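To keep things clear, I will list the structure first and then write my remarks on it.
Protein chains: 2
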Amino acid sequence: MRKIAPTPTPGRPRDPETGQRILDAALRLLAAQGYSRMSLDAIAVDARVSKPTMYRRWSSKADLATAALRTLQLAEPRPDSGSTPADLIATLENFSRSLLRPNGMSLIGTVLAEEAHTPELLRLFRERIVTPRRAMLRAILDRAAERGELRAGADLDAAVQMLTGAFYARYLAQSKIEPGFARQLVEIVWNGLRKVKARR
Amino acid sequence: MRKIAPTPTPGRPRDPETGQRILDAALRLLAAQGYSRMSLDAIAVDARVSKPTMYRRWSSKADLATAALRTLQLAEPRPDSGSTPADLIATLENFSRSLLRPNGMSLIGTVLAEEAHTPELLRLFRERIVTPRRAMLRAILDRAAERGELRAGADLDAAVQMLTGAFYARYLAQSKIEPGFARQLVEIVWNGLRKVKARR
DNA sequence: TCATAATTACGATACTGTATCGTATCTATA
DNA sequence: TATAGATACGATACAGTATCGTAATTATGA
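Residue numbers (the numbering used here), protein chains in the order written: chain A, 1 to 200; chain B, 201 to 400.
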């Protein structure tokens, strides 16, 4: 039985590697220079393509930037050791490392700065990074709740926001995050959340 | 004794109102558009001056932007009611309000995004806003420690970072901050920090 | 004392050189 | 043949500068 090939489009086919190179370059320069300062000329040079090559795939600068952000993925392990504090600490340490990568924080800065002008950037960053990370931390706390480890009345979402937000606040204060910071955070939050047995 | 006046300079004196109008306009546009997109033409129009007028006072765009940030001041009350949770909540609610002002978060975004290119913006924002706010919250916790309200071993700076950082994380997640958020945060952190009496 | 010269500030306008987005036109490729 | 890819280009924006006429002040000389 003859294999039926898809109907070929006449003309030269697009090179998918070229497209990927452009997206990689765009994401890199978006983080390094911010949206407004990032230029299509610079992306073209970095990806070793011409500008019309990019315009054949994306209709505008904003279109390309949003496509680049769409390639973002939270690729961090999900600890599930049975110990809530240990899982929180491990997850937060992964987060800390990604924030301290070159331009880790400036990507966040640029999506916030562009909220009024190019809102889809912040929307995509939320969808691809912020929401999945919250879900990871929330899952750890939900498991703790199922195990009966948590006292009643605490807002788990507020706890998650504090755990992640503390890194932003620390960076904003000092542009660095010391080792052991995650442990300090979890120590306080865990004390604030867990069901109390008789302490001695 | 005759008062010795400074030697007057011949020529038309500079109008301090003009200078102030320029700084106000610069700060407004910096927050609204970000550093890179903010233009000197737009500031001149907003402040109803000419560009040479601005260049007579500041040598460059970066010079003007840093001068504008230097005018920032944390002008929030410092609660000292004797109740640590109440003081924390009141302080954080002021913080929340300022973050939710138009462009409150985008100013933070732009100083972060510009860290590599115009680092003095982040440095000044830290000096004028971030550090004073941390000090306010830290003072509340230090008073609690003096009153003997805190358990041993908790890192108060980590607690402060969580309390402020949670607002950044919440904004990043949703571009809004609900009423009562501060209360939820303080409930957890206070439980995590305070000396335990017999709970019932 | 008064009028004028000298000086600086200011608005309005124009200019310079550079950067950037998006498009036109050409050659190369499948 | 039709599309991909490259170079060149047009239009516009922008930071910074130059110029002109007028405004506002001090200094100076009659």
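Glycine included, C-beta positions come from ideal geometry on N, C-alpha and C. Small disclaimer: the values here were computed from a predicted structure and weren't measured.
Among the residues of its own chain, which have a CB less than 8 Å from the CB of residue i, if the five just before and after it don't count?
| i | result |
| --- | --- |
| Arg270(B) | Leu324, Arg328 |
| Arg78(A) | Thr91, Met136, Ala139 |
| Gln220(B) | none |
| Leu72(A) | Leu27, Leu124, Phe125, Arg128, Ile129 |
| Gly348(B) | Lys395 |
| Glu93(A) | Ala182 |
| Leu240(B) | Lys251, Met254, Lys261, Leu264 |
| Ala86(A) | Pro79 |
| Trp190(A) | Thr84, Pro85, Leu88 |
| Leu201(A) | What the structure shows of chain A is the stretch from 1 to 200, and residue 201(A) is not part of that stretch, so it cannot be assessed. |
| Arg56(A) | Arg14 |
Which residue's Cα is closest to the Cα of residue i: the options?
| i | options | result |
| --- | --- | --- |
| Ile108(A) | Ala169(A), Glu93(A), Pro79(A) | Ala169(A) |
| Leu100(A) | Ile177(A), Lys195(A), Asn191(A), Glu187(A) | Ile177(A) |
| Ile188(A) | Thr53(A), Ala44(A), Leu163(A), Ser175(A) | Leu163(A) |
| Arg214(B) | Gly234(B), Ala344(B), Gln233(B), Val249(B) | Val249(B) |
| Phe167(A) | Leu141(A), Pro179(A), Leu156(A) | Pro179(A) |
| Ala242(B) | Arg297(B), Ala352(B), Ala225(B) | Ala225(B) |
| Glu276(B) | Tyr371(B), Thr310(B), Arg297(B), Lys251(B) | Arg297(B) |
| Ala316(B) | Ser60(A), Ala144(A), Tyr55(A), Ser106(A) | Ser106(A) |
| Leu350(B) | Ala268(B), Gln384(B), Leu312(B), Thr284(B) | Thr284(B) |
| Asp80(A) | Lys51(A), Ala65(A), Asp142(A) | Asp142(A) |
| Gln174(A) | Leu372(B), Tyr371(B), Ser375(B), Asp357(B) | Asp357(B) |
| Ala154(A) | Tyr255(B), Glu346(B), Gly392(B) | Gly392(B) |
| Gly282(B) | Leu372(B), Ala345(B), Tyr371(B) | Ala345(B) |
Once the 5 residues before and after residue i are set aside, which same chain residues still bring their CB inside 6 Å of it?
| i | result |
| --- | --- |
| Val160(A) | Arg134, Leu137, Arg138 |
| Glu215(A) | Nothing can be reported for residue 215(A): it is not among the residues displayed for chain A, which extend from 1 to 200. |
| Glu17(A) | none |
| Ala232(B) | Asn303 |
| Ala247(B) | Arg221, Ile222, Ala225 |
| Ala152(A) | none |
| Pro208(B) | none |
For my contact list, residue i and residue j are in at a C-beta cut-off of 8 Å; report their separation, rounded to the angstrom.
| i | j | result |
| --- | --- | --- |
| Met238(B) | Leu227(B) | That pair is no contact at about 10 Å. |
| Thr310(B) | Ala262(B) | Actually they are not in contact, since the Cβ atoms of Thr310(B) and Ala262(B) sit about 13 Å apart, beyond 8 Å. |
Taking 7 Å as the limit between beta carbons, can you name the residues of its chain near residue i, skipping five residues before and five after?
| i | result |
| --- | --- |
| Pro132(A) | Leu74 |
| Phe295(B) | Arg333, Thr364, Phe367 |
| Ile289(B) | Ala382, Arg383, Val386 |
| Ala268(B) | Leu223, Ala226, Leu227, Leu230 |
| Tyr371(B) | Leu299, Met305, Ile377 |
| Ala244(B) | Ser250, Lys251, Met254 |
| Pro10(A) | none |
| Trp58(A) | Leu64, Ala67 |
Which of the three DSSP states, helix, strand or coil, is assigned to residue i?
| i | result |
| --- | --- |
| Arg370(B) | helix |
| Leu163(A) | helix |
| Leu156(A) | helix |
| Arg351(B) | coil |
| Arg256(B) | coil |
| Arg212(B) | coil |
| Arg48(A) | coil |
| Ala62(A) | helix |
Ignoring anything shorter than 4 residues or poking outside the region 75 to 129 of chain A, list the alpha helix (DSSP H) runs there in chain order. 84 to 99, 104 to 113, 119 to 125
Margin query: Just to confirm the assignment: which complete alpha helix (DSSP H) runs, minimum length 4, are found wholly within the region 215 to 239 of chain B?
Written below: 216 to 233
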